[in-house]
Amino acid sequence: MDIVKRERYVQKIIRLTPTENIYIKNKMDNAGRKNFNAFALEMLIQGQVTIVDFKSLSDLKIAIDRVGKNVNQIAKKVNESGNVSKNDIDETKNLLKKIEAAVYQTIQTEYKKYK
53 MDIVKRERYV QKIIRLTPTE NIYIKNKMDN AGRKNFNAFA LEMLIQGQVT IVDFKSLSDL
113 KIAIDRVGKN VNQIAKKVNE SGNVSKNDID ETKNLLKKIE AAVYQTIQTE YKKYK
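Under the numbering used here, the first residue of the sequence shown is numbered 53, with each subsequent residue one higher.
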């Protein structure tokens, strides 16, 4: 690979003790990073490595999927019967409010973590 064609062509070399190397590898593992270059750039330029926990987003997705299934059941009932009851509309509105609350709660929780 021709070094001039790379976007970053200035190379910096560092030397570490075995202890420092293990320490950095542990930091990379904790941050979920496998590439030293990307980890080092983020640390040097931003001064920190941001760790994003996708667990809360995964939980949110599960909650939205559950609500989506309920909405689909209501839609199927409406399509089969051809009419909509006030109860069906109220239930759908309630499910949408649950989605809104779950999204809002997740955003607030994540915002507080990185503030």
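Just so it is clear, CB atoms sit at the ideal spot from N, CA and C, and this is done for glycine as well.
Taking one beta carbon from each stretch, the segment 116-134 and the segment 149-158 have 3 or more pairs nearer than 8 angstroms; the two touch.
Exclusion of the five residues before and after Lys-64 leaves no residue of its chain whose Cβ lies closer than 6 angstroms to its Cβ. Annotated three-state conformation of Tyr-61 is coil, per DSSP. C-alpha of Leu-93 to C-alpha of Gly-120: approximately 41 angstroms in a straight line. Within a 10 Å sphere around the beta-carbon of Leu-112 sit 16 or more other beta-carbons, which makes this residue buried. Shown here for Phe-91: same chain residues with a beta carbon closer than 7 angstroms to its own, the five before and five after excluded, namely Met-80, Ala-83, Arg-85, Val-101 in chain order. Closest option to Ile-159, judged by alpha-carbon separation, among Arg-67, Ser-110, Asn-135: Ser-110. At a Cβ-Cβ threshold of 9 angstroms, Phe-88 and Ile-97 do not count as neighbours. According to the DSSP assignment, Gly-120 belongs to the alpha helix (DSSP H) that extends over 107-133.
As the crow flies, the alpha-carbon of Gln-125 is around 10 angstroms from that of Thr-144.
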